[in-house]
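K.L.:
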């Protein structure tokens with residue numbers, strides 16, 4: 002770099018704060034990202050998971066919004082009408098708990114945070130359509146959440162029942178199975194216990210098979226990690242229901258995936274907290290049983306299923322008859338069987354199931370091997386259950402058979418013929434528990450009448466709004482705070498007019514987020530949850546961007562809601578999201594950010610120090626979207642230096658807008674064509690945004706090299722390259738790109754520009770490298786025309802000095818030519 006060039010770069014400095022302050026009000030005024038549903042352009046729906054308003058934006062938001070914006074802005078530049086809406090999942094425990102800690106009303110806390118986040122999103126230059134903004138805690142929104150709940154109830158998909166449930170002692174509310182992580186509350190981390198309560202459920206199990214089947218078309222557009230998580234959670238298994246007679250009691254039915262091992266069943270186990278166990282226990286064993294049940298209810302499902310947990314239980318004092326051997330088997334109650342799996346009872350085959358074996362050894366119960374696995378010791382001796390395939394032994398008609406599938410078929414046919422069982426399919430998936438004993442949520446629109454029972458709130462009385470309860474004690478007490486609002490609770494029955502009471506539970510916040518993407522299509526509609534015509538025009542969403550932590554919870558529920566709405570005739574598709582992009586997690590120093598570790602990174606501080614563009618560029622350039630980002634390894638300062646270098650190009654261009662490019666530097670024009678062509682491919686196939694940024698950096702370097710080599714800023718190729726850089730950077734660094742666009746003589750906004758047009762002729766290489774091999778070893782490389790003939794390539798290879806030397810006077814026995822890239826000489 003010359004002294005003059007160095008001096009110019011030092012004085013021509015990009016002012017981050019000034020540029021951000023300059024363009025933000027322009028974008029507010031121009032509103033370039035407002036979707037026009039009547040434009041006639043092909044529509045694209047870019048959807049990002051909406052945030053909880055639990056504070057200002059954090060690094061995870063920064064990454065998700067930066068990645069999402071690449072897609073939304075790219076589609077717009079390619080000429081699509083893009084809907085990119087934003088909203089807030091504003092009901093739920095995080096906001097309520099924070100409000101209680103801060104001694105404020107949840108509404109005040111929530112909406113103040115929403116405004117803080119909205120301002121940060123604007124500053125972050127996200128390309129959201131703010132005209133479609135929604136909040137799930139607005140009565141205008143949750144009116145329709147309640148309406149949908151009532152439609153589900155009419156179809157038998159929303160119901161109440163008594164059941165053992167997960168209970169968070171800290172938040173004082175029930176949790177769905179999906180909200181219990183490693184035995185602890187997903188929200189607060191408290192250890193979860195079990196309680197028997199009457200609660201509301203959605204019958205998602207009715208859709209278990211469809212939820213599985215409809216994943217097949219998503220194989221190429223959804224992440225395998227998400228699909229696998231959903232398949233595992235749904236947990237489809239094929240097996241049989243087997244009936245065991247019990248003296249003096251009703252028959253006992255169990256579900257098993259291995260009916261072929263019935264000859265090895267030596268005892269039975271019933272979930273200790275299931276009503277079935279209470280009905281089976283004898284008077285002599287009742288006291289011991291009831292004492293044991295109290296212990297069991299203090300443990301979570303996760304703890305109960307842990308493989309290393311001691312196997313405890315109590316003999317119920319009854320026996321069941323094995324339907325294939327006629328043997329009497331003792332029936333036990335234990336904690337490692339769950340009440341809501343299958344029938345709540347199992348046949349124990351200890352030789353071939355480790356938990357059954359551990360239980361048998363702990364309680365001195367018999368162990369009988371019925372599948373001899375080659376190389377494996379008898380489990381009765383080794384203490385290790387065998388689960389592999391082998392040959393049936395001590396199994397009656399199956400003895401000597403080694404085909405497991407045939408063995409299962411044979412036994413199912415036997416059971417069905419004798420009326421002692423039948424083949425069936427079972428699912429691990431349980432119905433969705435949606436009741437919450439908290440205030441800040443959607444009130445359940447049901448009235449409990451002593452004469453009429455459960456009565457729906459009439460549609461014309463929706464929304465059933467939350468009472469204000471300002472100044473009331475909202476701390477969790479085990480029952481909803483709504484129960485204390487007597488003026489709200491006490492109501493006349495809508496059906497008979499008698500004195501009745503409202504339901505005081507509120508809905509799980511995942512109900513709110515299971516349909517919000519439909520509301521975005523017509524957010525101001527007052528006559529329906531959504532406009533079917535607008536939903537038909539925009540949905541399914543073309544891409545859904547969010548964290549993989551929602552692989553089961555939110556995504557499964559949203560898919561369930563969509564299928565129900567399809568069956569109701571309200572939507573004409575069965576999957577809500579055509580494609581999905583899961584981003585990784587931003588960590589620091591190899592660990593998840595936390596206050597206790599002192600490794601937290603504040604997004605606002607990073608933006609203040611380096612500017613929005615540098616932070617966004619750093620997050621996108623860090624690696625593939627699905628990979629975790631360790632901020633300790635990142636260099637936003639380096640990103641800022643690159644952006645300044647790119648920005649300076651726009652000040653060097655002296656040719657006028659619209660100058661023909663044809664006579665410009667040909668090599669630079671080829672670089673532009675290749676970069677733009679490759680960038681589109683990298684975005685559209687595999688979401689390789691980081692590589693797209695790297696190619697843009699290469700183009701900046703090539704453009705600067707061309708200028709410094711003496712081509713001059715008036716060269717039209719320099720303008721073409723700089724304009725291409727600006728458009729590419731607009732996907733990740735909108736402030737810099739907008740400033741470059743203006744300096745290049747264009748009106749705002751660069752978002753209204755078009756994707757650069759590539760001259761296909763420039764993508765055709767002037768020459769290609771042909772490899773010449775002698776006896777399989779490379780001896781020469783020739784630069785030849787892409788359309789060279791086989792004859793000319795053969796002649797050029799034989800005339801090359803290195804090839805002649807390798808042949809050493811020998812005549813090739815065979816010459817294999819694959820124009821234009823290969824010549825192979827066999828001597």
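Numbering (the numbering used here), first residue to last: 2 to 828.
Ideal Cβ positions, reconstructed from N, Cα and C, are used throughout, including at glycine.
Since this is a predicted model, take the numbers as computed values, not measurements.
If you draw a straight line from the C-alpha of residue 439 to the C-alpha of residue 360, how long is it?
P.N.:
Distance between the alpha carbons of residue 439 and residue 360: 39 angstroms.
K.L.:
Throw me the rounded Cβ distance for the residue 30 and residue 752 pair, which I believe falls under 8 angstroms.
P.N.:
Actually they are not in contact, since the Cβ atoms of residue 30 and residue 752 sit about 13 angstroms apart, beyond 8 angstroms.
K.L.:
Helix, strand or coil: which one does DSSP assign to residue 88?
P.N.:
Reduced to three states, the DSSP call for residue 88 is strand.
K.L.:
Determine the DSSP secondary structure at residue 686, reduced to helix, strand or coil.
P.N.:
Three-state DSSP puts residue 686 in coil, outside helix and strand.
K.L.:
Using DSSP with H/G/I as helix, E/B as strand and the rest coil, what is residue 818?
P.N.:
Correct three-state label for residue 818: strand.
K.L.:
Once the 5 residues before and after residue 836 are set aside, which same chain residues still bring their CB inside 6 angstroms of it?
P.N.:
The requested residue 836 does not occur in the structure, where the chain is confined to residues 2 to 828.
K.L.:
Quick check on the DSSP output: the alpha helix (DSSP H) that includes residue 211 runs from which residue to which?
P.N.:
Residues 209-214.
K.L.:
Where residue 380 and residue 404 are concerned, what is the direct C-alpha to C-alpha distance, given to the nearest angstrom?
P.N.:
So the two alpha carbons sit approximately 21 angstroms from each other.
K.L.:
Quick check on residue 205: does DSSP put it in helix, strand or coil?
P.N.:
Residue state, collapsed to three classes: helix.
K.L.:
Between the C-alpha atoms of residue 317 and residue 293, what's the straight-line distance to the nearest angstrom?
P.N.:
Residue 317 and residue 293: Cα-Cα distance of roughly 11 angstroms.
K.L.:
Hey, could you find the ends of the beta strand (DSSP E) residue 478 is sitting in?
P.N.:
Counting along the chain, residue 478 falls outside any beta strand (DSSP E), and DSSP gives it neither H nor E.
K.L.:
If you scan the segment 323-369 from start to end, which runs of the alpha helix (DSSP H) of 4 or more residues do you find wholly inside it?
P.N.:
The qualifying runs are 355-363.
K.L.:
Taking residue 805 as part of the alpha helix (DSSP H), name the residues at either end of that continuous run.
P.N.:
Run containing residue 805: 802-808, per the alpha helix (DSSP H) assignment.
K.L.:
How long is the line joining the alpha carbons of residue 340 and residue 489, rounded to whole angstroms?
P.N.:
Distance between the alpha carbons of residue 340 and residue 489 is about 36 angstroms.
K.L.:
Just mark residue 780 as buried or exposed, buried being the case when its beta carbon has 16 or more other beta carbons within 10 Å.
P.N.:
Buried is the call here.
K.L.:
Taking just the CA atoms, how far does residue 519 sit from residue 540?
P.N.:
When rounded, the distance between both Cα atoms is 8 angstroms.
K.L.:
What are the boundary residues of the beta strand (DSSP E) that residue 620 is part of?
P.N.:
From DSSP, residue 620 is part of no beta strand (DSSP E) but of the alpha helix (DSSP H) over 613-622.
K.L.:
With 16 other CB atoms within 10 Å as the buried threshold, where does residue 672 fall?
P.N.:
With 16 or more Cβ atoms within 10 Å of its Cβ, residue 672 is classed as buried.
K.L.:
Cutting at 6 angstroms between CB atoms, please list the residues of its own chain near residue 417, excluding the five before and the five after it.
P.N.:
Once the five neighbours on either side are set aside, the close Cβ partners of residue 417 are 423.
K.L.:
Taking a contact to mean a Cβ-Cβ separation below 8 angstroms, would you say residue 626 touches residue 688 in this structure?
P.N.:
A contact, by the Cβ cut-off of 8 angstroms.
K.L.:
With a floor of 4 residues, list each alpha helix (DSSP H) that falls wholly inside the segment 125-156, ordered by position along the chain.
P.N.:
Within the segment 125-156, the complete alpha helix (DSSP H) runs of at least 4 residues are 140-155.
K.L.:
Is the CB-CB distance between residue 726 and residue 701 below 8 angstroms?
P.N.:
Cβ distance < 8 angstroms, so residue 726 and residue 701 count as in contact.
K.L.:
Suppose the cutoff is 7 angstroms on Cβ atoms and the five residues either side in sequence are ignored; what does the same chain contact list for residue 1 look like?
P.N.:
Here the chain covers residues 2 to 828 and nothing more, so residue 1 does not appear.
K.L.:
Who are the Cβ neighbours of residue 275 in its own chain at under 7 angstroms, not counting the five residues just before and after it?
P.N.:
For residue 275, where only same-chain residues beyond five positions count, the Cβ hits under 7 angstroms are 340, 345.
K.L.:
To the nearest angstrom, how far is it from the Cα of residue 70 to the Cα of residue 758?
P.N.:
C-alpha separation (whole angstroms): 21 angstroms.
K.L.:
Compute the Euclidean distance between the alpha carbons of residue 817 and residue 808, then round it to the nearest angstrom.
P.N.:
Distance between the alpha carbons of residue 817 and residue 808: 15 angstroms.
K.L.:
Using C-beta distances below 6 angstroms, list every residue in its chain close to residue 580, excluding the 5 sequence neighbours before and after it, in chain order.
P.N.:
222, 544.
K.L.:
I need the straight-line Cα distance from residue 564 to residue 574, nearest angstrom please.
P.N.:
Approximately 8 angstroms between the Cα atoms of the pair.
K.L.:
Looking at residue 388 and residue 240, is the spacing between their C-beta atoms short of 8 angstroms?
P.N.:
Contact: no.
K.L.:
Can you give me the Cβ contacts of residue 187 inside the same chain, cut-off strictly under 6 angstroms, excluding the 5 residues immediately before and after it?
P.N.:
Hits under 6 angstroms: 180.
K.L.:
Which whole runs of the alpha helix (DSSP H) in the segment 171-257 are 4 residues long or more, in chain order?
P.N.:
As far as the segment 171-257 is concerned, its whole alpha helix (DSSP H) runs of at least 4 residues are 209-214, 225-235.
K.L.:
I believe residue 483 touches residue 175 by the beta-carbon criterion, under 8 angstroms. Please report the beta-carbon distance rounded to the nearest angstrom.
P.N.:
The Cβ separation is near 15 angstroms, so there is no contact.
K.L.:
Would you give the residue range spanned by the beta strand (DSSP E) that residue 165 belongs to?
P.N.:
Note, residue 165: beta strand (DSSP E), 159-169.
K.L.:
Is residue 42 helix, strand or coil by DSSP?
P.N.:
DSSP places residue 42 in coil when its eight states are reduced to three.
K.L.:
Please work out which residues of its chain come closer than 6 angstroms, Cβ to Cβ, to residue 820, disregarding the five sequence neighbours upstream and downstream, and give them in chain order.
P.N.:
Correct list, in chain order: 789, 791, 794.
K.L.:
With which residues is residue 592 paired in a DSSP beta bridge?
P.N.:
Answer is 589, bridged to residue 592.
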